[in-house]
Amino acid sequence: MARKSSSSVGKTTEAADAKKAPTLASLRSEIDRLDKELVALLNRRAEIAVEIGKVKHANGLEVFSASREEEVLAKVLAASQGPLPKETLRAVFRELMSGTRSLQRALRVAYLGPKHSYSHLAAVARFGEAVEHVPLGSIAAVFEELNRRHVQYGIVPLENSTDGRIADTLEMFVKLPNLKIRAEVRLRIHHCLLGRCEWGQVRRVYSKSQALSQCRNWLGKNLPQAAKVEVVSTAAAAELASREEFAAAVASKSAGQAYGLDILAENVEDQVDNVTRFAVIAETPEARSGRDKTTLMARIPNAPGSLVKTIAPFEKLGVNMTWIESFPMPGSASDKNPSYLFFLDVEGHTDDPLVQKAIETVRRRCERLDVLGSYPRGEVLEG
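Heads up, the sequence shown is in the numbering used here, so the first residue is 1 and it goes up one at a time.
Below, the structure written as structure tokens:
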């Protein structure tokens with residue numbers, strides 16, 4: 001039998017490879033097929049979610065569960081081997097859960113507005129777009145709307161890694177300690193300098209006081225001639241800058257896009273790791289997830305060593321304390337010897353036996369102790 005030449009074998013192999021190579025049309029056809037499967041699976045998932053909603057309603061359970069949603073996201077991210085980035089998967093499933101949640105019940109979520117403020121971005125990061133986002137003019141208004149049951153949830157800034165506590169939020173917890181923290185959103189904050197003029201023409205920079213503080217070194221170095229003007233929110237600052245020729249705003253990229261502003265400079269925050277922690281507040285507490293933290297508000301006797309004595313049970317019982325802030329008692333700031341409240345975070349849930357025992361021991365050493373909530377620990381999300 002005659003043997004084929006090596007050249008003819010090579011040509012045959014090349015022809016076979018060419019025949020097997022996918023074309024643009026075949027790849028698009030495969031995408032179309034997968035999309036149909038995905039739509040069918042997503043709708044089947046939604047049908048099951050509706051059934052879950054009926055079971056929850058029958059048992060008097062709430063639609064939103066931060067602990068369950070964190071569990072779902074953790075399983076999804078752990079199952080992924082790529083190539084999709086985890087942030088993309090998180091966003092997809094966030095909106096999927098938001099949409100299926102809305103099939104069970106329409107939710108209203110209050111936040112410090114207007115739209116495109118960082119509080120709005122945090123609300124979207126937690127609840128997705130398929131809820132009614134309710135913008136309000138102050139942190140106090142968020143608490144009050146929730147307390148009046150005009151909304152089911154609120155989201156408020158609690159602390160910033162650069163500036164520390166948000167005093168307006170702590171003050172409202174003093175007034176309304178019955179409202180509970182159900183979840184936290186830790187959002188990495190990237191500030192932009194936004195405007196309609198050239199950088200060198202800026203005469204006024206608008207922003208919320210905390211945002212101006214977080215960028216004070218950058219602004220002092222790069223815009224020393226510009227007046228810094230505090231307004232109620234970063235989104236309101238962007239709106240003002242959109243109406244003034246020689247004004248700029250320190251706000252999010254999202255706010256710049258919404259108000260048609262140019263990005264004059266990005267990432268103008270002084271600290272690279274600039275994270276704001278937001279609290280999701282509601283009337284009822286959150287169930288245990290297994291990876292929780294608990295926030296407490298304690299009124300401690302104003303005497304030498306009282307703080308050390310009060311929190312000693314946490315160390316004795318091996319409960320780790322991760323945050324503490326002092327806050328003057330309302331009306332006592334002008335006193336010669338003012339009284340203070342202390343806000344604390346400890347690891348664990350109030351249903352954990354050791355945490356429960358530690359809290360009860362601490363309670364006996366306080367003038368008053370309020371548990372503001374136990375909730376899942378949140379990961380840092382990109383703003």
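Using N, Cα and C, we set each Cβ at its ideal position, and we do this for glycine too.
Check your understanding: Between the stretch 162-178 and the stretch 212-227, do at least 3 Cβ pairs fall closer than 8 Å?
Key -> yes
**Study point:** Beta-carbon spacing of Ile181, Ala74 below 8 Å
**Key:** The residue labelled residue 181 in the question sits at position 181 within the sequence shown. The residue labelled residue 74 in the question sits at position 74 within the sequence shown. No, these two residues do not count as a Cβ contact at 8 Å.
Review point. Looking at C-beta atoms only, is the number of pairs between the stretch 289-309 and the stretch 345-364 that lie closer than 8 Å three or more?
Key: yes
Point to revise | Opposing strand residues paired with Val50 [DSSP bridges] | key: Within the sequence shown, residue 50 is the residue found at index 50, counting from 1. DSSP output for Val50 lists no bridge partner at all.
Review point. The beta strand (DSSP E) spanning Pro157 covers which residue range?
Key: For this step, residue 157 is matched to residue 157 along the sequence shown. Tyr153 to Asn160 is the extent of the beta strand (DSSP E) around Pro157.
Review point. Out of Pro376, Leu121, Glu360 and Val250, which has the shortest C-alpha to C-alpha gap to Leu369?
Key: As a position in the sequence shown, residue 369 is number 369, starting the count at 1. When each option's Cα is compared against that of Leu369, the closest is Glu360.
Check your understanding: Can you tell me where the beta strand (DSSP E) with Val205 in it begins and where it stops?
Key -> Against the sequence shown, residue 205 aligns to sequence position 205. Taken as a continuous stretch (DSSP letters only), the beta strand (DSSP E) holding Val205 covers Arg204 to Ser207.
Practice item. For Cys366, I'd like the list of residues in its chain whose CB is within less than 7 Å of its CB, leaving aside the five on either flank, ordered along the chain. Key: Position 366 of the sequence shown holds residue 366. These residues qualify, in order along the chain: Ala298, Arg299, Ile300 and Thr310.
Review point. Would you report the Cα separation of Arg204 and Gly373, rounded to the nearest angstrom?
Key: On the sequence shown, residue 204 is found 204 positions in, with the first residue counted as 1. On the sequence shown, residue 373 is found 373 positions in, with the first residue counted as 1. Arg204 and Gly373: Cα-Cα distance of roughly 41 Å.
Exercise for review: Can you give me the Cβ contacts of Ile263 inside the same chain, cut-off strictly under 8 Å, excluding the 5 residues immediately before and after it?
Suggested key: As a first step, residue 263 must be located in the sequence shown, where it is residue number 263. Only Cys192, Leu193, Leu194, Lys253 and Gly256 meet the Cβ criterion.
Review point. Does DSSP classify Asp352 as helix, strand or coil?
Key: The residue labelled residue 352 in the question sits at position 352 within the sequence shown. Reduced to three states, the DSSP call for Asp352 is coil.
Review point. Which same chain residues, not among the five before or five after Tyr206, have their C-beta less than 7 Å away from its C-beta?
Key: As a working note, residue 206 is residue 206 in the sequence shown. Result list for Tyr206: Val229, Val231, Ala237, Leu240, Ala241, Ala247 and Ala249, in chain order.
Practice item. Please confirm whether Arg377 and Asp292 have their CB atoms less than 8 Å apart. Key: Taking the first residue of the sequence shown as 1, we reach residue 377 at position 377. Taking the first residue of the sequence shown as 1, we reach residue 292 at position 292. Cβ atoms of Arg377 and Asp292: closer than 8 Å.
Exercise for review: Check the DSSP bridge columns for Trp323 and list the partner residues they point to.
Suggested key: Walking along the sequence shown from the start, residue 323 turns up at place 323. Trp323 pairs with Asp345.
Review point. Out of Pro328, Leu381, Pro285 and Tyr375, which has the shortest C-alpha to C-alpha gap to Met172?
Key: As a working note, residue 172 is residue 172 in the sequence shown. Minimum Cα distance to Met172 is reached at Pro328.
Review point. Are the stretch 130-137 and the stretch 91-110 touching, with three or more C-beta to C-beta distances below 8 Å?
Key: yes
**Study point:** Bridge-paired residues (DSSP) for Leu381
**Key:** Reading the sequence shown from its first residue, position 381 is the one you call residue 381. DSSP output for Leu381 lists Leu187 as bridge partner(s).
Check your understanding: By how many angstroms is the C-alpha of Thr23 removed from the C-alpha of Ala227?
Key -> On the sequence shown, position 227 is the one that residue 227 refers to. On the sequence shown, position 23 is the one that residue 23 refers to. The alpha-carbon atoms of Ala227 and Thr23 are separated by roughly 59 Å.
Review point. From Ala287 to Glu71, what distance separates their C-alpha atoms?
Key: On the sequence shown, residue 287 is found 287 positions in, with the first residue counted as 1. On the sequence shown, residue 71 is found 71 positions in, with the first residue counted as 1. Cα-Cα distance, rounded: 12 Å.
Check your understanding: On the three-state DSSP scale, how would you describe Ile31?
Key -> Stepping through the sequence shown from its first residue, residue 31 is reached at position 31. It is helical.
Practice item. Answer with buried or exposed for Met1, where buried requires no fewer than 16 other C-beta atoms within 10 angstroms of its C-beta. Key: Taking the sequence shown and counting its residues from 1, the one referred to as residue 1 is at position 1. With a pLDDT of 47 at Met1, under the threshold of 50, the predicted position of this residue should be treated as unreliable, and no value is reported.
Exercise for review: Can you give me the Cβ contacts of Ala385 inside the same chain, cut-off strictly under 8 Å, excluding the 5 residues immediately before and after it?
Suggested key: The chain is shown from 1 up to 383; residue 385 falls before or after that span and cannot be answered.
Practice item. Pull up the distance between the alpha-carbon of Glu95 and that of Arg68, whole angstroms please. Key: Numbered from its first residue, the sequence shown carries residue 95 at position 95. Numbered from its first residue, the sequence shown carries residue 68 at position 68. For Glu95 and Arg68, the distance between alpha carbons rounds to 15 Å.
Point to revise | Inter-residue CB distance, Leu112 and Ser138 (contact presumed, cutoff 8 Å) | key: As a working note, residue 112 is residue 112 in the sequence shown. As a working note, residue 138 is residue 138 in the sequence shown. The Cβ separation is near 7 Å, so the contact holds.
Review point. Is Leu89 closer than 8 Å to Leu107 when the C-beta atoms are compared?
Key: By one-based count along the sequence shown, residue 107 stands at place 107. By one-based count along the sequence shown, residue 89 stands at place 89. No, Cβ-Cβ distance for Leu107 and Leu89 is not below 8 Å.
**Study point:** Distance CB(Ala183)-CB(Ala66) smaller than 8 Å
**Key:** The residue given as residue 183 occupies position 183 in the sequence shown. The residue given as residue 66 occupies position 66 in the sequence shown. Yes, the pair counts as a contact, with Cβ atoms nearer than the cut-off.
Practice item. Round the Cβ separation of Ala110 and Leu136 to the nearest angstrom and send it over; I've been treating them as touching at under 8 Å. Key: Here residue 110 corresponds to residue number 110 of the sequence shown, with the count starting at 1. Here residue 136 corresponds to residue number 136 of the sequence shown, with the count starting at 1. About 5 Å separates the two Cβ atoms, so the contact holds.
Exercise for review: From the DSSP output, in three-state form, read off Leu42 for me.
Suggested key: As a working mapping, residue 42 is identified with position 42 in the sequence shown. Helix, per DSSP.
Practice item. Check the DSSP bridge columns for His133 and list the partner residues they point to. Key: Taking the sequence shown and counting its residues from 1, the one referred to as residue 133 is at position 133. In DSSP, His133 forms a bridge with Val109.
Practice item. For the alpha helix (DSSP H) containing Tyr118, list its first residue and its last residue. Key: As a working mapping, residue 118 is identified with position 118 in the sequence shown. Element bounds for Tyr118: Tyr118 to Phe127.
Exercise for review: Sort out for me which residues DSSP pairs Ser278 with in a bridge.
Suggested key: In the sequence shown, the residue the question calls residue 278 occupies position 278. Checking the sequence, you will find Phe at residue 278 rather than Ser. DSSP lists Pro157 and Val185 as partners of Phe278.
Point to revise | Residues bridged to Cys192 (per DSSP) | key: On the sequence shown, residue 192 is found 192 positions in, with the first residue counted as 1. Paired residue(s): Ala251 and Glu266.
Review point. In its own chain, which residues sit with a C-beta less than 8 Å from the C-beta of Ser339, not counting the 5 before and 5 after it?
Key: Position 339 of the sequence shown, counted from the first residue, corresponds to residue 339. So the qualifying residues of the chain are Arg299, Asn302, Pro328, Met329 and Ser332.
Check your understanding: Can the beta-carbon of Val308 be found closer than 8 Å to that of Ile189?
Key -> Along the sequence shown, read from residue 1 onward, the residue named residue 308 stands at position 308. Along the sequence shown, read from residue 1 onward, the residue named residue 189 stands at position 189. The answer is no: Cβ separation not under 8 Å.
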